[in-house]
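To keep things clear, I will list the structure first and then write my remarks on it.
There are 2 protein chains.
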Amino acid sequence: MSKEKISVQENKKMATIRDISLKCGVSVSTVSKVLNGYREIGEETSKAVMKAAEELGYVPNSYARQLKLKKSYNIGVLFDTLSVYGLKNEYFAHILAALRENASQGGYDITFIENNIGNRRMTYLEHCKYRNFDGICIVCADFTNPEVLDVVNSDFPVVTIDHSFNEAISILSDNSGGMRDLAQYIVSMGHKKIAYIHGNKSSVTHNRLVAFHQVLAEHDIVIPEYYMKEGEYRLAESAEEFTYELLNLSDRPTCILASDDYAALGVIKAIKRAGLRFPEDISVAGFDGISISQALEPKLTTVKQDTEKLGEQAAKKLICLMESPMTTPLEHIVLKAELIIGDSVKKLR
Amino acid sequence: MSKEKISVQENKKMATIRDISLKCGVSVSTVSKVLNGYREIGEETSKAVMKAAEELGYVPNSYARQLKLKKSYNIGVLFDTLSVYGLKNEYFAHILAALRENASQGGYDITFIENNIGNRRMTYLEHCKYRNFDGICIVCADFTNPEVLDVVNSDFPVVTIDHSFNEAISILSDNSGGMRDLAQYIVSMGHKKIAYIHGNKSSVTHNRLVAFHQVLAEHDIVIPEYYMKEGEYRLAESAEEFTYELLNLSDRPTCILASDDYAALGVIKAIKRAGLRFPEDISVAGFDGISISQALEPKLTTVKQDTEKLGEQAAKKLICLMESPMTTPLEHIVLKAELIIGDSVKKLR
DNA sequence: CTGAAAGCGCTTACAG
DNA sequence: CTGAAAGCGCTTACAG
Chain A
28 MSKEKISVQE NKKMATIRDI SLKCGVSVST VSKVLNGYRE IGEETSKAVM KAAEELGYVP
88 NSYARQLKLK KSYNIGVLFD TLSVYGLKNE YFAHILAALR ENASQGGYDI TFIENNIGNR
148 RMTYLEHCKY RNFDGICIVC ADFTNPEVLD VVNSDFPVVT IDHSFNEAIS ILSDNSGGMR
208 DLAQYIVSMG HKKIAYIHGN KSSVTHNRLV AFHQVLAEHD IVIPEYYMKE GEYRLAESAE
268 EFTYELLNLS DRPTCILASD DYAALGVIKA IKRAGLRFPE DISVAGFDGI SISQALEPKL
328 TTVKQDTEKL GEQAAKKLIC LMESPMTTPL EHIVLKAELI IGDSVKKLR
Chain B
28 MSKEKISVQE NKKMATIRDI SLKCGVSVST VSKVLNGYRE IGEETSKAVM KAAEELGYVP
88 NSYARQLKLK KSYNIGVLFD TLSVYGLKNE YFAHILAALR ENASQGGYDI TFIENNIGNR
148 RMTYLEHCKY RNFDGICIVC ADFTNPEVLD VVNSDFPVVT IDHSFNEAIS ILSDNSGGMR
208 DLAQYIVSMG HKKIAYIHGN KSSVTHNRLV AFHQVLAEHD IVIPEYYMKE GEYRLAESAE
268 EFTYELLNLS DRPTCILASD DYAALGVIKA IKRAGLRFPE DISVAGFDGI SISQALEPKL
328 TTVKQDTEKL GEQAAKKLIC LMESPMTTPL EHIVLKAELI IGDSVKKLR
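In the order they appear, the protein sequences are chains A and B.
Quick note: the first sequence uses the working numbering, first residue 28, plus one each step.
Quick note: the second sequence uses the working numbering, first residue 28, plus one each step.
Here it is as structure tokens:
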């Protein structure tokens with residue numbers, strides 16, 4: 028009975044440096060030095076301290092530690108849950124997974140940046156200050172939101188993904204290159220009537236659109252403006268609707284590009300529901316290269332963004348920036364986006 | 028020039044309670060009381076303090092706060108990145124999104140539990156102690172790992188998802204009920220030769236298998252043991268391989284259940300590649316109800332787990348447990364899993 | 001209504 | 001080789 032009580036108590040109350048010092052009969056300074064690996068402490072003493080720490084199940088208290096050291100070993104991740112973005116989008120979820128993996132290997136934890144804490148409302152930047160993040164990674168956010176810009180312009184080390192600023196390191200896929208390769212390939216398959224249900228306006232969307240039009244221009248291909256539709260990223264339903272519109276045209280396209288792979292599913296669905304054959308009658312291409320795109324039959328032709336590397340680079344560059352700000356340039360890193368040729372684009376004779 | 032310097036400096040150095048007290052000519056105690064809304068401070072003083080805090084852009088320091096208050100407003104999330112689980116699985120990613128959303132609304136931040144920090148290795152439990160989490164949610168983890176069990180058995184408030192323990196609150200889908208409904212439906216569509224490529228062993232898998240066999244037994248349906256295959260959750264490739272084996276049987280099944288929707292894609296792919304028609308020749312059903320399952324044509328028949336509610340309940344129950352441990356029972360909450368009838372199971376005459 | 005003091009758990013010059 | 005002391009930023013009995 029009394030034994031239980033003690034064990035519960037020991038469990039509940041976390042051992043402090045003070046407990047160790049008491050148990051060993053040395054000062055807290057000495058204990059601290061041993062625990063931090065200072066070589067100046069005598070071997071005897073060191074051993075005793077280590078033993079006591081072990082026995083007491085001592086774990087340092089990060090809060091006390093950080094209060095002194097001004098270092099939290101914690102990275103704030105801005106991951107807006109805008110409608111269809113965020114964790115529900117495999118693209119971002121995979122980036123986060125890689126980011127976390129690499130941050131952890133570098134010794135940093137990850138905490139989501141929020142708009143409030145306890146019952147008080149906070150801006151993103153205030154939240155970052157409150158939690159004393161060592162650095163910040165903006166994975167997906169509305170970059171027109173002033174709160175987001177405040178974070179970018181703050182004194183925190185910042186890395187952004189999919190968006191570049193002068194004030195921060197940014198990691199991007201080569202959207203232009205990826206789209207160029209894709210468009211080039213589609214043209215090479217004999218398509219001239221190519222429609223594009225692109226995503227909502229953003230710098231990423233813009234770059235893809237430009238590349239798309241450039242390739243067409245280079246091949247003297249002119250498409251009617253009603254071949255261009257502004258859908259919503261990731262929304263299969265939205266893409267499905269626009270596809271019906273395209274299929275109803277008298278000069279219907281022979282190939283439809285979707286804003287991303289999720290949207291491509293909507294396009295394919297519409298084609299089948301309209302009683303047409305896919306890809307025999309209408310070809311389709313996606314973007315992102317999410318896992319299911321390759322599990323489909325026929326496989327989807329798409330552009331694979333290297334989420335693994337995007338997350339990895341974000342973490343690594345951020346750690347560099349946090350640990351040696353003076354020797355880390357605020358560069359824009361562009362990662363190759365790879366064309367994946369599936370069977371969803373038919374060769375026209 | 029000097030102006031810039033000052034502004035940079037002001038930005039960099041975060042204002043403390045002390046700065047406010049200096050600016051107002053009152054004590055730090057008084058400032059603290061005003062900031063914390065104690066009603067005892069004079070109106071004049073209060074106003075002055077609030078104004079100064081505003082002007083200095085004061086944000087409290089969570090580390091100092093927690094050191095005193097023993098409350099971190101931070102929830103640790105155990106989210107193992109086992110091979111194909113974790114963030115790469117839409118099921119878990121959606122649960123995490125809902126969990127985060129609800130935790131945030133309740134005033135709590137979310138930090139991933141890791142195995143190390145800085146350059147020192149830590150167990151999961153040590154990490155939790157280090158970060159002083161107020162509570163812990165185990166979303167996906169290997170429950171045979173002793174480190175995980177240590178967390179469950181610790182004094183931290185714990186909520187687990189998809190796995191029950193006596194020592195913690197658990198939130199689960201009604202896997203039995205969902206599978207019963209699915210199996211019942213398939214049988215009602217006239218299928219008797221039903222194969223099941225189930226996932227690797229776990230309590231969840233077990234419950235689904237039991238329900239599956241019960242329904243068959245109730246209908247006096249006997250299936251050969253080679254209709255049962257142990258695949259890997261989420262791995263389309265694995266399911267695809269097993270499907271070829273099933274299709275090569277002389278008494279091939281008329282319907283194949285997959286461990287989950289991702290795996291179902293592999294099954295469908297194999298059927299098509301084998302030159303058979305889907306769903307005319309072979310029917311397919313999945314599990315989980317991830318978003319793409321409904322974007323496919325034909326739509327997949329599956330069982331939708333309510334990830335929204337799983338995450339929500341996990342957050343809400345954990346907050347209850349943290350804030351009023353004495354009045355919060357350690358219950359096991361089972362959430363309805365809904366049969367979604369698509370067009371992937373054909374009616375046999 | 002206000003403030004001095006103690007203390008949360010830790011680290012690190014500094015002195016010996 | 002070891003320890004006393006100061007301090008990180010905050011809160012809260014306690015005294016006035």
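For each residue, glycine too, the CB sits at the ideal point set by N, CA and C.
Within the same chain, Leu126, Asn129, Ala130, Gly133 come within 7 Å of Ala342 (chain A) by CB-CB distance, once the 5 residues on both sides are set aside. CA-CA distance, Glu267 (chain A) to Ile224 (chain A), rounds to 10 Å. Note on geometry: alpha-carbon atoms of Asp288 (chain A) and Ile295 (chain B) lie some 18 Å from one another. Against Lys115 (chain B), the close residues of chain A are Glu117, Ala120, His121, Ala124, Ser318, in the order they occur along the chain (beta-carbon pairs closer than 8 Å). At a C-beta separation below 7 Å, Lys156 (chain A) has these neighbours in chain B: Met41, Val86.
Of the residues assessed, Pro87 (chain A) falls on the buried side of the cut-off, its CB having 16 or more other CB atoms within 10 angstroms. Within the same chain, Cβ atoms closer than 7 Å to the Cβ of Ile317 (chain A) are found at Glu117, Tyr118, Asp288, the five residues on either side in sequence being excluded. Restricting attention to B:Gly64, B:Arg279, B:Gly162, the CA atom closest to the CA of Arg147 (chain A) is found in B:Gly64. For Lys256 (chain B), the enclosing beta strand (DSSP E) covers residues 255-257. If you draw a 10 Å sphere on the C-beta of Asp182 (chain B), you find fewer than 16 other C-beta atoms in it, and that means exposed.
The continuous beta strand (DSSP E) containing Ala285 (chain A) extends over residues 282-285.
The residues Ile140, Glu174, Val178, in chain order, have a CB closer than 6 Å to that of Tyr151 (chain B) in the same chain once the five nearest residues on each side in sequence are set aside. For the segment 294-324 of chain A, the set of residues with a beta-carbon nearer than 7 Å to any beta-carbon of chain B comprises Ile295, Lys296, Lys299, Arg300, Ile319, Ala322, Leu323, Glu324, in chain order. If you draw a 10 Å sphere on the C-beta of Ser200 (chain A), you find 16 or more other C-beta atoms in it, and that means buried. For Gln93 (chain A), the residues of chain B that pass the 8 Å Cβ criterion are Tyr90, in the order they occur in the chain. The contact set of Arg66 (chain A) on chain B, defined by CB atoms closer than 7 Å, is empty, because the minimum CB distance reaches about 17 Å.
The segment 307-327 of chain B makes no contact with the segment 342-361 of chain B: fewer than 3 CB pairs, one atom from each, lie closer than 8 Å. The DSSP assignment places 288-300 as complete runs of the alpha helix (DSSP H) inside the segment 286-326 of chain A, in order along the chain (cut-off: 4 residues). Ranked by how close their Cα comes to the Cα of Cys164 (chain A), the residues A:Thr138, A:Lys156, A:Gly145 have A:Thr138 in first place.
No Cβ-Cβ contact shorter than 9 Å links Glu257 (chain B) with Gly302 (chain B). Contact of Asp136 (chain B) with chain A is assigned, a C-beta pair being separated by under 9 Å. Listed in chain order, the alpha helix (DSSP H) elements of length 4 or more contained wholly in the segment 182-247 of chain A are 202-215, 230-245. By the neighbour-count criterion, in which 16 or more other beta carbons inside 10 Å mark a residue as buried, Thr171 (chain A) falls on the exposed side.
For Pro280 (chain A) against Lys220 (chain A), the beta-carbon gap comes to about 4 Å, under 8 Å, which counts as contact. Spanning the alpha carbons of Leu345 (chain B) and Leu327 (chain B) requires a straight line of approximately 34 Å. Ranked by Cα distance from Lys50 (chain B), the options B:Gly69, B:Ala80, B:Ser56 are led by B:Ala80. Boundaries of the beta strand (DSSP E) around Val330 (chain B): 329-331.
The Cβ neighbour count for Asn275 (chain B), taken over all protein chains shown within 10 Å, is under 16; the residue is labelled exposed. Look at the beta carbons and you see the segment 183-191 of chain B not touching the segment 203-223 of chain B: under three pairs across the two are nearer than 8 Å.
Gln211 (chain B) and Phe106 (chain A) have their alpha carbons spaced roughly 41 Å apart.
Within chain A, not a single residue places a beta-carbon under 8 Å from that of Phe183 (chain B); the smallest gap is close to 10 Å. A Cβ of chain A is located within less than 9 Å of the beta carbon of Tyr289 (chain B).
With contacts defined by Cβ atoms closer than 9 Å, Leu337 (chain B) and Leu123 (chain A) do not form a contacting pair. At a cut-off of 9 Å between beta carbons, Arg127 (chain A) contacts chain B. Within 7 Å of the CB of Asn193 (chain B), no CB atom of chain A is found; the nearest one sits about 17 Å away. DSSP places Glu335 (chain B) inside the alpha helix (DSSP H), whose first and last residues are 334-350.
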